[in-house]
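Trainee: Start counting the sequence shown at 11; every next residue gets the next number (this note's numbering).
Dropping the structure in here first, questions after.
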Amino acid sequence: MDATGPARWTKKDLIGIRELSRAEIEIILDTAPQFLAVSQRASGIKKVPLLQGRLVVNWFHEPSTRTRTSFELAAKRLSADTLSMTASSSSTVKGETLHDTLANIEAMSTDIIVLRHGCAGAPHILAADHASHIINAGDGRHEHPTQALLDAFTMREAMRHLHKDHARGLDGVKVALIGDIEHSRVARSNIHALTKLGAQVTVCGPATLLPRGIERFGVTSTTDLREALKGADIIYALRIQLERQAKALFPSIREYVKLFRIDRDSLRYAPDHAIVMHPGPINRDLELSTEVADGPRSVILQQVTNGVAVRMAVMHLLANSGGPRVA
């Protein structure tokens, strides 16, 4: 496994999708299948030694289950040593700055820092001044790049299977992002990734959850769910992030369910081949009905499986491609 090919990975960190070119996104997507195969080995030995002797620190300042465990498993399948930290267990609670905390961590010879933080821009600030490879695992309402990468990989694999074309990309694929666009870092990263990969993106939700001027990012917006689902190849239901809302931005849960939930009734407006995705965790029967979440169109668990492979690909590319590091 190597990082060579038509293009070569040269970046030190993965801070956001916005900073990546289409070619760089495709390097990650094209590297991931090798690691998906590792996770599916019949031998049961689901490890490769590509990060043997390296130290990966998962530093999470916000609660997380899927992302944290996915990164931890990805690192272990690359044979890395791992260390997990939370905000409550680090000296930042005593007033220490992020820079000082990271400097102390780096004194233990770290290689990769996976950072989730409630403040937008925190990974970018640290990446500029520290030698470790920084991976943004979600920063405030800014971005969640590895979620967008695993989503794009899942979409691409689904379209390749549907069209029986193993070279197919996402050009012309119609994606409907439904729900809380305003507060979603997943939506932002997905919009950046999908538009760069040539997909046609429609965002849909209550007007109060659609950012003003969202069309300038190359997407179509609507408050009509039927319009968004018409012709959609991929339906992506976003979690209603009640914890990020300063105030109620739609009249009631009942109204949201009636107008925007993806369920058996609303799926009638989408093509029969459309797949359903969700970043998790699901507010069951709010943005997505249980029947659909667990139904034959759902690829939500495949997203989780693909997430480990994509994160393995990201860590391998950052650590083993010879990109520049801060002196």
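The beta-carbon is built from N, C-alpha and C at its ideal position, and this holds for glycine as well.
These figures come from a predicted structure and were not determined experimentally.
1) Can you tell me the Cβ-Cβ gap for Arg87 and Met322, rounded? I've got them flagged as a contact below 8 Å.
2) Would you tell me roughly how many angstroms separate the C-alpha atoms of His134 and Ile25, rounded to the nearest one?
3) What does the Cβ neighbour count give for Glu192, buried or exposed, with the cut at 16 atoms within 10 Å?
4) Going by Cα to Cα distance, which pick from Ala319, Pro216 and Phe227 is closest to Arg51?
5) Please state whether DSSP places Gln210 in a helix, a strand or coil.
6) Taking a contact to mean a Cβ-Cβ separation below 9 Å, would you say Ile263 touches Val183 in this structure?
7) In chain order, which alpha helix (DSSP H) runs of at least 4 residues are fully inside the region 119–147?
8) I believe Leu112 touches Ile123 by the beta-carbon criterion, under 8 Å. Please report the beta-carbon distance rounded to the nearest angstrom.
9) Using alpha carbons as the reference points, say which of Val309, Ile144, Val185 and Ile201 lies closest to Glu225.
10) Distance, Cα to Cα, His140 vs Val67?
11) Does DSSP put Ala284 in a helix, a strand or coil?
12) Kindly give me the distance between the Cβ atoms of Ser89 and Pro43, rounded to whole angstroms, as I take these residues to be in contact under 8 Å.
13) What first and last residue would you give for the alpha helix (DSSP H) that runs through Tyr266?
14) Go to Val183, then tell me how far its beta strand (DSSP E) extends in each direction, as first and last residue.
15) How long is the line joining the alpha carbons of Gln255 and Lys174, rounded to whole angstroms?
16) Name the one or two DSSP bridge partners that Leu277 has.
17) Can you tell me the Cβ-Cβ gap for Met149 and Ala130, rounded? I've got them flagged as a contact below 8 Å.
18) Pick out the complete alpha helix (DSSP H) segments inside the region 288–320, 4 residues or longer, and give them in chain order.
19) If you run the structure through DSSP and keep just helix, strand and coil, what is Glu82?
20) Under 9 Å between the Cβ atoms of Leu172 and His283?
21) For Phe163, which option in Arg236, Arg271 and Phe45 has the closest C-alpha, if you only look at C-alpha atoms?
22) Less than 9 Å between the C-beta atoms of Leu125 and Phe70, yes or no?
23) Just to confirm my understanding: we take Arg18, look at its own chain, exclude 5 residues before and 5 after, and list those with CB closer than 8 Å. What are they?
24) Where Arg76 and Tyr279 are concerned, what is the direct C-alpha to C-alpha distance, given to the nearest angstrom?
25) Considering only the beta carbon of each residue, do Asp161 and Tyr246 sit closer than 9 Å?
26) Between the beta-carbon of Ile285 and the beta-carbon of Arg249, is there less than 9 Å?
27) In whole angstroms, what is the alpha-carbon distance linking Ile292 and Thr120?
28) Mind checking whether Arg271 and Glu297 have CB atoms under 9 Å apart?
Mentor: This is what the structure holds:
1) Working through the sequence shown from its first residue, we reach residue 87 at position 77. Working through the sequence shown from its first residue, we reach residue 322 at position 312. Rounded, the Cβ-Cβ distance is 6 Å, consistent with contact.
2) Position 124 of the sequence shown, counted from the first residue, corresponds to residue 134. Position 15 of the sequence shown, counted from the first residue, corresponds to residue 25. Going from the Cα of His134 to the Cα of Ile25 covers about 6 Å.
3) Position 182 of the sequence shown, counting from 1, holds the residue named residue 192. Burial call: buried.
4) Taking the first residue of the sequence shown as 1, we reach residue 51 at position 41. For Arg51, the nearest C-alpha among the options comes from Ala319.
5) Position 200 of the sequence shown, counted from the first residue, corresponds to residue 210. Looking at Gln210 - three-state DSSP - the assignment turns out to be strand.
6) Here the question's residue 263 lines up with position 253 in the sequence shown. Here the question's residue 183 lines up with position 173 in the sequence shown. Annotated as distal: Ile263 and Val183, with beta-carbon spacing of 9 Å or more.
7) The region 119–147 contains these whole alpha helix (DSSP H) runs: 132–139.
8) Along the sequence shown, read from residue 1 onward, the residue named residue 112 stands at position 102. Along the sequence shown, read from residue 1 onward, the residue named residue 123 stands at position 113. Right, their Cβ atoms sit about 7 Å apart.
9) As a first step, residue 225 is located in the sequence shown; it is residue number 215 there, counting from the start. Nearest C-alpha to Glu225: Ile201.
10) If you number the sequence shown from 1, residue 140 lands on position 130. If you number the sequence shown from 1, residue 67 lands on position 57. For His140 and Val67, the gap between their C-alpha atoms comes out near 14 Å.
11) Along the sequence shown, one-based indexing puts residue 284 at 274. When secondary structure is reduced to three states using DSSP, Ala284 falls in the coil class, being assigned neither helix nor strand.
12) Numbered from its first residue, the sequence shown carries residue 89 at position 79. Numbered from its first residue, the sequence shown carries residue 43 at position 33. Not quite, the Cβ-Cβ distance comes to about 19 Å (not below 8 Å), so this is no contact.
13) Numbered from 1 along the sequence shown, position 256 holds the residue referred to as residue 266. Where Tyr266 is concerned, the enclosing alpha helix (DSSP H) starts and stops at Ile263 to Phe270.
14) As a first step, residue 183 must be located in the sequence shown, where it is residue number 173. Where Val183 is concerned, there is no enclosing beta strand (DSSP E), given that its DSSP letter is neither H nor E.
15) If you number the sequence shown from 1, residue 255 lands on position 245. If you number the sequence shown from 1, residue 174 lands on position 164. In this prediction, Gln255 scores a pLDDT of 48, lower than 50, which makes its location untrustworthy; the coordinate-derived value is nonetheless stated afterwards. Rounded to the nearest whole angstrom, the CA to CA distance from Gln255 to Lys174 is 42 Å.
16) Counted from its first residue, the sequence shown places residue 277 at position 267. For Leu277, which the question treats as bridged, DSSP gives no partner whatsoever.
17) On the sequence shown, position 139 is the one that residue 149 refers to. On the sequence shown, position 120 is the one that residue 130 refers to. Residue identity check: residue 149 is Asp in the sequence provided, not Met. At roughly 5 Å, the Cβ-Cβ gap stays under 8 Å, so Asp149 and Ala130 are in contact.
18) Entirely contained in the region 288–320, the alpha helix (DSSP H) runs reaching 4 residues are, in chain order, 300–303.
19) The residue given as residue 82 occupies position 72 in the sequence shown. Note: Glu82 maps to helix in three-state DSSP.
20) Position 162 of the sequence shown holds residue 172. Position 273 of the sequence shown holds residue 283. A distance below 9 Å separates the beta carbons of Leu172 and His283.
21) Stepping through the sequence shown from its first residue, residue 163 is reached at position 153. Of Arg236, Arg271 and Phe45, the residue nearest in Cα terms is Phe45.
22) Taking the sequence shown and counting its residues from 1, the one referred to as residue 125 is at position 115. Taking the sequence shown and counting its residues from 1, the one referred to as residue 70 is at position 60. Yes, they are a contact pair.
23) In the sequence shown, counting from the first residue as 1, residue 18 sits at position 8. For Arg18, where only same-chain residues beyond five positions count, the Cβ hits under 8 Å are Ile37 and Ser331.
24) The residue labelled residue 76 in the question sits at position 66 within the sequence shown. The residue labelled residue 279 in the question sits at position 269 within the sequence shown. Using only the alpha carbons, I get a separation of about 31 Å.
25) Position 151 of the sequence shown holds residue 161. Position 236 of the sequence shown holds residue 246. The Cβ-Cβ distance between Asp161 and Tyr246 falls below 9 Å.
26) Locating residue 285 in the sequence shown gives position 275, where the first residue counts as 1. Locating residue 249 in the sequence shown gives position 239, where the first residue counts as 1. Judged by their CB atoms, Ile285 and Arg249 are not nearer to each other than the 9 Å cut-off.
27) Taking the sequence shown and counting its residues from 1, the one referred to as residue 292 is at position 282. Taking the sequence shown and counting its residues from 1, the one referred to as residue 120 is at position 110. Going by the C-alpha atoms only, they are around 34 Å apart.
28) Counting from one through the sequence shown, the residue named residue 271 turns up at place 261. Counting from one through the sequence shown, the residue named residue 297 turns up at place 287. Contact flag set, yes.
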